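Protein chains in written order, with the working numbering: chain A, -14 to 157; chain B, -14 to 157; chain C, 3 to 496; chain D, 3 to 496.
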């Protein structure tokens, strides 16, 4: 059985096969090999012995993938082949030049510009708030505000394009 | 919607209907009436407000019915109409005269009589053990041991007939 | 003692107050907003009252609705918790006006101490050392800039009504002063309804050491020793402990006396905290008074054996303190970690959302004051504190090791938390040595990112879960179940 | 300090030992029987070794296999926990012979003190008061009957190798003497491999008060104050607390000194407990020494702030005690409830089976030492202790109220526990008054049965669960899920 499993932005091929017993598995992940003995304690709770080392692991199925707890760390693990739409989940500033998206689920508290305004790279455009933390979304480059797709008190999420900036304003 | 719900040996008719909202129910249980507002927090965890009083309730589905936690007490609640076979789950001595069943899931550690033996009411027949507690199963009446249906180290459960005693031994 | 009280708060602190009330036989009334209908404090309270929409101003900050809820439920007192209206003198006054005791200091004391410049004057009059700074607050940025020039950069811009890092900025030079003032003012206006700012000389990397005090209505004031709260990120404390690694018996004695003087000078009643900055030479300066139960109060409870919420209730109902300063002893060492819903892989952005799985650490010397439960959707509207994990042991080192174990066994899935960050801090040599200054994070963990060490294990777990999910034995109850009327009998029962 | 130890036990005590080891950086090796493959102690340990079949003699009581497991894993010491082989001198000897330190007293001390009649003689020689009784054990019922006649009924028949109520009988008159001896002998033979019995004068309704001691290899012996363990059922303790409600400072001082003398007289090393009977006049009598960590050790840990398992490890590795008697202080009050898997609705019969749901109580002053987890099938073969719930507060009354709250929020579903019984005991006026004598249960709760008060709520919950089970929103993850290769893609990946 093969999987392509993604954590953060990294995807690895995962190959798994059964060894002698049902509870004994052999994994190949990228270049690495692991012998794993597992025991399912409950729906969410597993005991893994990986190359002789025991670990307790917790797994919960969420909307975007499986949330997995290992040794105090948690990971969102996604099956590349199961991601129905490859949402460009952005962290921080938008990757697409000119599009401004919030880094976290948040509420719009202030809009600092209007459509048509000229803005400088780094200028504040929109202030969003989540859990009492305010973040100012800034212009990724010099340009003109082409479109504002949100309003005060709107709930927004990463990937939502709140402001579009036109870059070509050289001749003004 | 009607239910017949059994706790321990008592069964009550339970009648439930919706009030104005989906979360507001009206129950009739035996003679009593209850207005209940409920909220499902997770699969096993419910918040009930019964006649204005709030309680946290936990429910787990088991093989014999639902195990329900309320205010530090737990109850096994069974739907009479769902009990496929009405196992005579006995507590303590068997109700059927002459049949001896253990009061708990246990292991047979000693058999004190043989088939054919005459026994007196109260005489020890079999010693079972569970969780380091030994219990002697005693003859429910004078009689003769007709049949022994178990052996040392056997795992037994309430309802299993371990020894059968014939009562009519007047003429011996 | 009160028979029933209303708790004008949410989350872990509301739950924590409910627990002591239940132990004292006091009925509790929870209040909640629409986002919190399934919140832990609602589930654990004896009664609960919906205040309104999720926006704080329509629920937890709405004085009128809170007073009405208290009256309608026959609540005999109101506990404000921390945050929200806890340090709002108008709220305390409204409670007093409605004849419902406010479990905290009198409104006048809150007002005096909440005004940071007035608080400074009170402390100076009581010979409590204060840090150089402005005595008047203002909303005029140019006045602030003038003062900063006079005092010399770096300076700290602070909201006069502030707390918890809101409306606070460190300004290193004149170029950034104006923008800092504007944004601090706006933040303070939003958070406290008051945008006035003042300045303080900025001490580089001091320790933040505070003293817990208790004062009854009969003039008895005691302190319950210190808490060290230097480990902060974005001006938010994240780890607190007691005793402070920097403390000596004589310094403790001097600071404890100063704390009691500060409380007496302000006419303090109920539980409060006197915050100090402690510089590397052992000089300490009054910072501010937090006129409420502190987030980090559990470390004091664990090392003194005194339940502070119980004391708050006893004091508010007019009882005398049952112990004097000599009766209070400090034993062992306690550390608290605040479990924030923030994504350590994404610049610590807030991480609201559903709690899919919640397994709390247990065992000797571990306490977890949690405000969440499985199935709860952590709202976007409120503070990101999910819970506070506290460990205690005989020594600092043992408490630290215990905290690492506890953090590593604390399972919260569905939202992200700072637990991995906390584990790395607790495991660091600098923390182990007690080198905890307010610049600790910047100095040691500026570019921290979560280790990738266990990612393969997580991938393996993904597959194992997949395999067992579709291979559950037929005897397994959850999947097989017994037939139910909903499945087999249709509607004949209706 | 050891780098790795093997824990020759299971359940809550194995888990508790693992936790301290982890905090100290010591690797742990769990051992288990077939019934315990999914047990909590296996899941939490760094390594685990299957010993054999579920029957104790083939696993947890099998000395040969335990020693082999220790050797094969490179374990540097063995912790026996309590029960099983903890007080078996042959086991301690085997460990010594294999060059693996046994974390407990030397085999000789275990043997001497395990022989109850020899223990009496040792105590008499050290002027520790002992209860009138036989000095020689026997397997001859008629000899026992003769002694009983001489001493006068009621008498207590006790197994010379006994502990935990096994092989123990109270005999009120000569008619029941012989059967009592026979059954005690058989029980002792089964449990300890030694059926020898002896007699003691039976004191009516004394208190059971014990003292915790610690002794290092260098002649330092201290006590850590008392525990009151009078609340027993079927000679099993169910509730323990400290301080004892019966204790005065002078009595505490006298008993503490006697406990230290007893430890010194026997050449004791490591942690141990000196058990006394305390009659209503304040006279106390030596009962026995438990040469191991006691089930109820957490109440001592919580009131003294000392981790007893850590001390055991330090002592076993040859270190000196780091504190003297004057350094040890008692603060606050702690209560422990043992959570047994017994059905309170069915005569307290054992209740093995699956743990379907497990939610532990949390919050200030609560500790739960649990040996179970959700998904575990509690085996029929072993002790019914599932966990131990401990609460601590400033006063006995506050600890009692806290325990009631904790018990009421402790959810274990699938098997039955004595929690409802414990709640009623803790809530009773006699317990609140501290009238805790060994006949407490007989006197106050002889015909106890679980209240029917909440049965209607349980019926309502049944229906509510049914309704939500079949009305789950389609967006709910667990039911809908996303398609997976097992469902949608068949075997193309293989």
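Cβ atoms here follow ideal geometry from the backbone N, Cα and C, with glycine treated the same way.
Just so you know, these numbers come straight off a predicted model, no measurement behind them.
Residue i versus residue j: straight-line alpha-carbon distance, rounded
i, j, result
"residue 101 of chain C", "residue 4 of chain C", "13 Å"
"residue 151 of chain B", "residue 103 of chain B", "9 Å"
"residue 138 of chain C", "residue 183 of chain C", "15 Å"
"residue 218 of chain D", "residue 306 of chain D", "18 Å"
"residue 91 of chain D", "residue 169 of chain D", "19 Å"
"residue 69 of chain D", "residue 93 of chain D", "9 Å"
"residue 70 of chain A", "residue 62 of chain A", "Per-residue confidence for residue 70 of chain A stands at a pLDDT of 49, beneath the threshold of 50, marking its modelled position as unreliable; the derived number appears in the next sentence. If I take the Cα positions, the gap works out to 16 Å."
"residue 161 of chain C", "residue 136 of chain C", "12 Å"
"residue 139 of chain A", "residue 92 of chain A", "6 Å"
"residue 146 of chain A", "residue 151 of chain C", "42 Å"
"residue 155 of chain C", "residue 143 of chain C", "15 Å"
"residue 14 of chain C", "residue 363 of chain D", "15 Å"
Residues near residue i by beta carbon distance below 6 Å, same chain, minus five either side
i, result
"residue 106 of chain A", "124, 126 and 127"
"residue 19 of chain D", "9, 81 and 311"
Under 8 Å by beta carbon: chain C residues contacting residue i
i, result
"residue 91 of chain A", "352 and 382"
"residue 47 of chain A", "356, 358, 415 and 416"
"residue 308 of chain D", "396"
Cβ-based neighbour list, residue i, same chain, cut-off 7 Å, excluding 5 preceding and 5 following
i, result
"residue 345 of chain D", "351, 353 and 418"
"residue 89 of chain D", "112, 116, 165, 293 and 294"
"residue 397 of chain D", "335"
"residue 75 of chain B", "Only weak support is given to the placement of residue 75 of chain B: the predicted model assigns it a pLDDT of 38, under 50, and the value that follows is read from those uncertain coordinates. Excluding sequence neighbours, residue 75 of chain B sits near 86, 143 and 144."
"residue 452 of chain C", "346, 347 and 422"
"residue 98 of chain C", "104 and 109"
"residue 1 of chain D", "The requested residue 1 of chain D is not part of the displayed model; chain D covers only 3 to 496."
Beta-carbon proximity list for residue i, same chain, < 8 Å, skipping 5 on both sides
i, result
"residue 314 of chain C", "81, 105, 106, 272, 273 and 295"
"residue 188 of chain D", "197"
"residue 501 of chain D", "The structure shown does not extend to residue 501 of chain D, since chain D is modelled only from 3 to 496, so the question has no answer here."
"residue 87 of chain D", "10, 62, 63, 65, 68 and 93"
"residue 71 of chain C", "8, 31, 33, 51, 53 and 77"
Contact set between residue i and chain B, taken where Cβ atoms lie within less than 9 Å
i, result
"residue 375 of chain C", "26, 27 and 30"
Contact set between residue i and chain D, taken where Cβ atoms lie within less than 7 Å
i, result
"residue 44 of chain B", "463 and 467"
Residues that residue i contacts on chain A, provided the C-beta gap is smaller than 7 Å
i, result
"residue 460 of chain C", "-8, 53, 55, 60 and 62"
"residue 418 of chain C", "59"
Listed by chain order, chain A residues near residue i by CB distance under 8 Å
i, result
"residue 64 of chain C", "Simply none; closest approach about 17 Å."
"residue 50 of chain D", "39"
Contact set between residue i and chain B, taken where Cβ atoms lie within less than 8 Å
i, result
"residue 39 of chain C", "24"
Chain A residues whose Cβ lies nearer than 9 Å to that of residue i
i, result
"residue 47 of chain D", "39"
Proximal residues of chain B, C-beta to C-beta of residue i below 7 Å
i, result
"residue 410 of chain D", "56 and 57"
### Query
On the three-pair Cβ rule with 8 Å, is the segment 434 to 452 of chain D touching the segment 206 to 215 of chain D?
With a cut-off of 8 Å on Cβ pairs, the segment 434 to 452 of chain D is in contact with the segment 206 to 215 of chain D, counting three or more such pairs.
### Message
Taking 8 Å as the cut-off, does the segment 260 to 271 of chain D touch the segment 72 to 88 of chain D (at least 3 CB pairs, one atom from each stretch)?
### Response
In the pairwise beta carbon analysis, the segment 72 to 88 of chain D is classified as not touching the segment 260 to 271 of chain D: fewer than three pairs are separated by under 8 Å.
### Message
Runs of 3 residues minimum, wholly inside the segment 320 to 354 of chain C: which ones carry the beta strand (DSSP E) assignment?
### Response
Qualifying beta strand (DSSP E) stretches, in chain order: 335 to 342.
### Query
How about the segment 457 to 477 of chain C and the segment 355 to 364 of chain D: do they share at least three Cβ pairs that are nearer than 8 Å?
The segment 457 to 477 of chain C is not in contact with the segment 355 to 364 of chain D.
### Task
Would you mind listing the alpha helix (DSSP H) stretches within the segment 112 to 168 of chain C that are 4+ residues and don't spill past its ends, in chain order?
You should have 118 to 127 and 143 to 153.
### Task
Please determine if the segment 24 to 32 of chain C and the segment 47 to 64 of chain C are in contact, where contact requires at least 3 C-beta pairs separated by less than 8 Å.
Taking 8 Å as the limit for Cβ pairs, the verdict is that the segment 47 to 64 of chain C does touch the segment 24 to 32 of chain C.
### Query
If you pair each beta-carbon of the segment 337 to 344 of chain C with each one of the segment 420 to 428 of chain C, do three or more pairs fall below 8 Å?
The answer is yes - the segment 420 to 428 of chain C touches the segment 337 to 344 of chain C, with three or more Cβ pairs under 8 Å.
### Message
So within the segment 178 to 257 of chain D, which uninterrupted alpha helix (DSSP H) runs reach at least 4 residues, ignoring any that extend past its ends?
### Response
Residue ranges of uninterrupted alpha helix (DSSP H) with 4 or more members, entirely inside the segment 178 to 257 of chain D and ordered along the chain, are 179 to 194.
### Query
Can at least three beta-carbon pairs, one atom from the segment 279 to 290 of chain D and one from the segment 114 to 131 of chain D, be found at a separation below 8 Å?
Yes, since at least three Cβ pairs between the segment 279 to 290 of chain D and the segment 114 to 131 of chain D fall closer than 8 Å, the two stretches touch.
### Task
Just list the beta strand (DSSP E) runs in the segment 22 to 97 of chain A, keeping only unbroken ones of 3 residues or longer that don't cross its boundaries, in chain order.
If we require 3 residues or more, the beta strand (DSSP E) runs fully inside the segment 22 to 97 of chain A come out as 30 to 35, 38 to 46, 51 to 55, 58 to 64 and 91 to 96.
### Message
Three or more C-beta pairs under 8 Å: does that hold for the segment 216 to 230 of chain C against the segment 454 to 468 of chain C?
### Response
No contact exists between the segment 216 to 230 of chain C and the segment 454 to 468 of chain C.
### Query
For the 8 Å Cβ check, are there 3 or more pairs between the segment 400 to 416 of chain C and the segment 50 to 60 of chain A?
Output reads yes: the segment 50 to 60 of chain A touches the segment 400 to 416 of chain C.
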